[in-house]
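Below: the structure, in C-alpha cells.
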Amino acid sequence: MAAALAVSCAGSASAEEVTGAADNLRTGWYPDEPSLAPASVTESAFGQAFKTLLQGAIMGQPLVANGTLLAVTEDNWAYGLDPVTGAIRWKRNFGTPVNSTELGCPDISPHVGITSTPVIDTASNVAYFVSNTSVKSGESAWKMHAVHLASGEELSGFPVELSGRSAENIAGLTLVGNKQLQRPALLLMEGVVYAGFGSHCDFTPYAGFIAGVSTGGAFKTMWASSKTEGSIWQSGGGLISDGPKQILVTTANGTPSGEGDPAKGPGDAPPEGSLAESVVRLQVNIEGHLKATDFFSPFNNKELDKEDFDLGSAAPIALPSQYFGTPADPNLLVQAGKKGEVYLLNRNELGGMGQGPEGKDKVIEEKGLGEYGGVWDGSALWPGDGGYVYIPGVSKPGTGQENFNYLRYFKYGVKGEVPNLSSAATSTEQFGFGSGAPIITSNGTSNGSAVLWITHCPYVEPNHCEGAELEAYYAVPVGGGAQRLWKAPIGWASKFSRPEASAGHIYVGNKEGQLFSFSGHVLTSSASSLEFAPVSVGGQRVAEVTFTNSGTPLEVSAVRAPSAPFEATGLPSKGSVIAPGQVITVQVKFSPAAAGKFAGSLGLTTPAGETNVALSGSTPEPPVEPPPPPPGGGSQTLATLASSPPAGGTLPFTESLLNLANLKLHLLASKPGHGRRAKVSYTLTAAGKVQLVLYRRVISHHCTHGAHTCARYIRTKVTDKVLGHAGSNVLTLDLGRLSAGEYRLTATPIASPPAPTVARSLAFAVR
C-alpha cells in the first residue's frame, strides 16, 4: 500500500479552492493572517465589525473568495455579502426547505435546507453547495447547486438531484431524501464535487453515502459505506483529499446489535459494503467511481456500536508532512471519537481491524480511552512552535452524553523515531455540547504568531448553545495551561459551527441567522504621501486621497488639517464615526503665494492610531539661461583637476581629447610634486601659432530672456600665444594660482597667411 500510494504533502487546498477548515487536509490553519497576532487580539483593540441578519440558521462555515463573503442557510438561502461591511450584494432562494416537524426530528429546526459548508472554485468564481427541498409532506430531495459567486445565478446544467440514486458498490441501496442529512463540508477534487451523507436523527434504513457531481453538471458516482448505518457526518467536518484521486472519510457506528462492521482483517483489503465505524481511504477509478483501498476500524468496534459511540462523530485531520511525521511515517492522520479516544494513524497504511499485537489496533499511537471527553466536531493544527493539535471535547469521558468537557492541546513530538502526541494543556473553561471546531490563524509558521479561535457553548440545559461566545486563545500553552485572549457574544450558536478567517476578519454564523464579523481597528490611506507637480505662484493644483476603514467602527479623536499653501476639504470632524467599509475622500489643494519649496501633512487619529499623509509641492525653478558656447566656438569636454596629486600618483582627472582637422588638444595630469599643472598637447599639420586662453565660469544676474541667473565666462590672465611646429607639440600650463571653480581652456590655431580656423575648448574644474 505505501509503495503504491502517492500522498500529497501539501498543507492546503489548491490555490483555486476555498473550502471548509482552510484546506483539503482539513487542518483548520490559516497561515496568511499576520494582523491577527496575539498582541492585536485584545478586548480594547478587537471587536465586532458587523452583524448581518440572514433568513435561516447558518450551520455551514462562511467562506470568502474573490472579494465576496458567501453564507448559506437552513431556509435554502444563499447570500453574497461585502466582507468588510456585511452589506448583502445578492441573495437567492433555492427551494422550499423541509419542516423539521414533518420529519419528526428537532435536531435541526425549524427548517432543514443547506446544512453543510460549500466549496468555491476561485478560478471560475463558482460556488457549490447542496440543498434539501421539500417535495411533499414527509418527502424531500437533495440537490447539488452551482452558482456564480458574483451574482448568485445558477449555472446551466444545475441543480443535479442526488436523492433517489443508488450506490454503485452495494446493490439495492438508495439515497433517500428525508432520511439522510448532508452534513460534511464539500470536497472539490479534479473537477468533481463530492458530498457526504449520514442519517438524520437515526431514521432507518440509512447508510453513509458519498455522491460526486462534475463541475459541468454530470452525475459521476454514488458510494455507500455499509448496508446498514455507517453514517458519514463528521459533525460537519469535510472529506479529506491528500493526493490525486484520493479521499479519506470516517464513518459512524454500525448496527446497535453489535455485529461488528467491519470484521477483523488487513487494511489493504477493505470489505466493501461493510465499512461502518472506520476511517476509509477511497480512490477514484478510471470510470470516476469510488473504491475503498484501505481502512482502519477499532478492534472493539462491536462495543462501540452497542453503546452508540461513533468513531465518525469527529472529523479526521491530516497532518501536513512538511511539518509533521518522520521518514518512516511521513503522512499522519488524527482521528478522535465520541468515546474520547484519540488515534494517530499512518495514512499510507491505516491499519485495518484487529491487526495489532494481541488482536488490538495497529496504529502509531492510541490514547484517551476513558480519559478524554467525547468529540463531536473537528480538530485543528499549528505547525509552528514545534507543532500542536487541538481537540475540543464536549462530553464526559466514556459517556457519550450531551454535556460538557474541555479543549485540549496536544504537543507533537517524536519518541524513539516514532511520532507521538502528548497532552500539553487543557482549558479551564467547560465546553458545552455543540461547541464548535477550532481554527488557527498565524503569520506563516512564525513562532508566537498563532491564535486559536473557537465557538464556545456554555453548559446550560436544555439548549447548550444559547448565550454562546466566539473565543480566542493563545495557540501555545501559557504557564502549562490554555489561556484565553479574548471573547465576544454571538447569540445562539449553531451546533459544531466553525469560524472562518480572511484578511484580518473572523466570521461566524449562528442558529438565529446572524452572521458576525470581528476585526481589529484598521484605517488605511490610499497614499502615504502626495507630491504635487510644480505650480506657478498664484496657480493651484488639486489631488485626492482616501481613507478606508476595513475593520471595526472608528471614532475620530483628532483631525490634523494641513497649513498653507495646502488646503484640505472632506476631512471628517472630531467625534464622528467611520463605519466599516466607509471611504473618506479628501480633496487637497496646493496654491503657493510665493516661490519656494513646501512641505506639510494631514492626518486622522482613531483607535487604529494615527493615519498620516505627507504633502509636498514647489514653484517652478526660474529658467536658467543656457551657458554660452565656449569663446571662439567649438566643442567641450569636462575634466576635473585636483588641488594636489595623491602620493605616488597623478592628478585624478579624465584625459580628454579635442579633435580639430589638423589639431589635437590634450589636458593631461602633471607629475607628483609639481603642484597644480597641466600639459597641453596638440598636433599641427604645418608650423604655425596657437592661441591659448583660459576663461572662468561665473554666475550673473544680468541675463536675457527673463532668467534670474545665468552663466558667464570671464577671461583670466592665463593666456599665451605659442609657436607650434608641424607634428606633435607639448607645453605646460601653470594653474597653481587658480582659485576653485569651473574653467574653459580655448585653443585657436592662427593660420599664416590668415585663413578661417576653428577653435576647440576643454572645460575642467579646480577643487
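The opening residue of the sequence shown carries number 10 in the numbering used here; numbering runs sequentially from there.
Here a beta-carbon is modelled for each residue, glycine too, at the ideal position from N, C-alpha and C.
8 Å contact criterion, which residue i and residue j should meet: CB distance rounded
i    : j    : result
V156 : A204 : Not quite, the Cβ-Cβ distance comes to about 16 Å (not below 8 Å), so this is no contact.
G443 : C466 : 4 Å
I219 : V258 : 7 Å
S240 : A261 : 4 Å
A735 : E751 : Wrong, their Cβ atoms sit about 34 Å apart, outside the cutoff.
E42  : S451 : 6 Å
G173 : G89  : With a Cβ gap of about 30 Å, G173 and G89 do not count as contacting.
R507 : G387 : 6 Å
L539 : V517 : 40 Å between Cβ atoms; not a contact.
V289 : A272 : In fact, because the Cβ distance is near 15 Å, the residues do not count as touching under 8 Å.
V185 : S511 : With a Cβ gap of about 37 Å, V185 and S511 do not count as contacting.
E741 : K688 : First, the amino acid is wrong: residue 741 is Thr here, not Glu. With a Cβ gap of about 5 Å, T741 and K688 count as contacting.
L79  : D91  : With 8 Å as the limit, L79 and D91 do not qualify as a contact, their Cβ atoms being about 12 Å apart.
S149 : N187 : 5 Å
K152 : L164 : Going by Cβ atoms, the distance from K152 to L164 rounds to 13 Å, so no, they are not a contact pair.
V702 : P758 : V702 to P758, Cβ: 13 Å. No contact.
P253 : T237 : Actually they are not in contact, since the Cβ atoms of P253 and T237 sit about 32 Å apart, beyond 8 Å.
C-beta atoms of residue i and residue j nearer than 7 Å
i    : j    : result
W778 : I326 : An answer regarding residue 778 cannot be provided, because it is not within the stretch 10 to 776 covered by the chain.
T561 : G76  : no
I112 : T82  : Note that residue 112 is Leu in the sequence shown, not Ile. No; because the gap between Cβ atoms is not below 7 Å, this pair is not in contact.
P336 : S330 : no
K347 : F318 : yes
P574 : P601 : yes
Y704 : Y722 : yes
L524 : A617 : no
V128 : T230 : no
G263 : A233 : no
S526 : A66  : no
G377 : G422 : no
I499 : E480 : no
I587 : N558 : yes
G276 : G217 : no
S737 : R753 : no
N355 : I373 : yes
S306 : S287 : yes
S322 : W385 : yes
G37  : A324 : no
Status (buried if at least 16 other CB within 10 Å, exposed otherwise) for residue i
i    : result
Q189 : buried
I708 : exposed
L732 : exposed
E25  : exposed
Q779 : Here the chain has residues from 10 to 776 only, and residue 779 is not among them.
A278 : exposed
A656 : Unreliable placement is indicated for A656, whose pLDDT of 37 sits below 50; the coordinate value is still reported in the next sentence. Exposed, since its Cβ has fewer than 16 Cβ neighbours within 10 Å.
E664 : Note that E664 scores 33 on pLDDT, short of 50, meaning its location in the model is unreliable; the coordinates nonetheless yield the value given after this. Answer is exposed; the Cβ neighbour count stays below 16.
A756 : buried
D251 : buried
V398 : buried
K726 : exposed
A136 : buried
A30  : buried
K578 : According to the sequence shown, residue 578 is Thr rather than Lys. Classification of T578: exposed, given that the 10 Å Cβ count is below 16.
V592 : exposed
T628 : buried
E52  : exposed
N294 : exposed
Q364 : buried
E630 : exposed
N818 : As displayed, the chain neither begins before 10 nor continues past 776, which places residue 818 out of reach and without an answer.
Q410 : exposed
P447 : buried
K371 : buried
T626 : Sequence check: residue 626 is Gly here, not Thr. Classification of G626: buried, given that the 10 Å Cβ count is 16 or more.
Below-7 Å beta-carbon distance, residue i vs any chain C residue
i    : result
A536 : Absent from the structure is chain C; it holds one protein chain and no more.
Only counting runs of 3 or more residues, tell me where the beta strand (DSSP E) segments fall wholly within the region 472 to 524, in order along the chain.
477 to 483, 493 to 500, 509 to 511 and 514 to 518
Are the region 404 to 415 and the region 433 to 443 in contact at 8 Å, needing three or more beta carbon pairs?
yes
Beta strand (DSSP E) runs wholly inside the region 215 to 254, at least 3 long, in chain order
218 to 223 and 228 to 233
With a cut-off of 8 Å, do at least 3 Cβ pairs link the region 220 to 229 to the region 193 to 212?
yes
Is it true that the region 424 to 431 meets the region 480 to 489, where meeting means three or more beta-carbon pairs spaced less than 8 Å apart?
no
Inter-stretch contact (C-beta, 8 Å, three-pair minimum) for the region 109 to 126 and the region 545 to 553
no
Sequence ranges, beta strand (DSSP E) only - wholly within the region 80 to 167, length at least 3:
86 to 90, 97 to 102, 128 to 130, 135 to 145 and 148 to 157
Ordered list of alpha helix (DSSP H) runs contained in the region 297 to 344, each at least 4 residues:
310 to 315
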